[in-house]
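Numbering (my numbering), first residue to last: -18 to 79.
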């Protein structure tokens, strides 16, 4: 069987490039996204697209001090409640053990 030409030049050197037999034909595929993607359906490298999205997601965000203080207080209150629950559960366990 004849394997078709690669649509993107750099695909051949990429570690996610492969050739899969689909039906009777061998097709170039890309596994960069975690799924089997036919290279004939790809316009540009999926890795380039993901890198740009990651930059957008990791951009720094300013959080006001008051918001951080409020979150810290809520975490501290939740911690205190969990300590109380833990004490009650241990008392119940001791009661059933005796």
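Ideal Cβ placement from N, Cα and C applies to all residues, glycine included.
As the structure is a prediction and not an experimental result, all values here were calculated from the model.
#### Entry: Secondary structure of residue 10, DSSP reduced to three states
Counting from 1 along the chain shown, the entry for residue 10 is found at position 29. DSSP places residue 10 in strand when its eight states are reduced to three.
Exercise for the section: Name the residue from 57, -1, 6 whose alpha carbon lies nearest to the alpha carbon of residue 20. Expected result: As a working mapping, residue 20 is identified with position 39 in the chain shown. Here the closest residue by C-alpha is -1.
Checklist entry - In whole angstroms, what separates the C-alpha of residue 52 from that of residue 62? => result Looking up residue 52 in the chain shown gives position 71. Looking up residue 62 in the chain shown gives position 81. For residue 52 and residue 62, the distance between alpha carbons rounds to 15 Å.
**Report entry** Alpha-carbon to alpha-carbon, residue 64 and residue 75
**Finding:** Your numbering for residue 75 matches position 94 in the chain shown. Your numbering for residue 64 matches position 83 in the chain shown. Each residue's Cα considered, the two are about 17 Å apart.
Could you give the DSSP three-state label for residue 55: helix, strand or coil? As a first step, residue 55 must be located in the chain shown, where it is residue number 74. Looking at residue 55 - three-state DSSP - the assignment turns out to be helix.
What distance in whole Å lies between the Cβ atoms of residue 28 and residue 13, which are believed to be in contact at a cut-off of 8 Å?
For the purposes of this step, residue 13 is identified with residue 32 of the chain shown, where counting begins at 1. For the purposes of this step, residue 28 is identified with residue 47 of the chain shown, where counting begins at 1. 5 Å between Cβ atoms; contact.
In DSSP terms, what residue 65 is bridged to = Within the chain shown, the letter at position 84 stands for residue 65. Residue 65 is not bridged to any residue.
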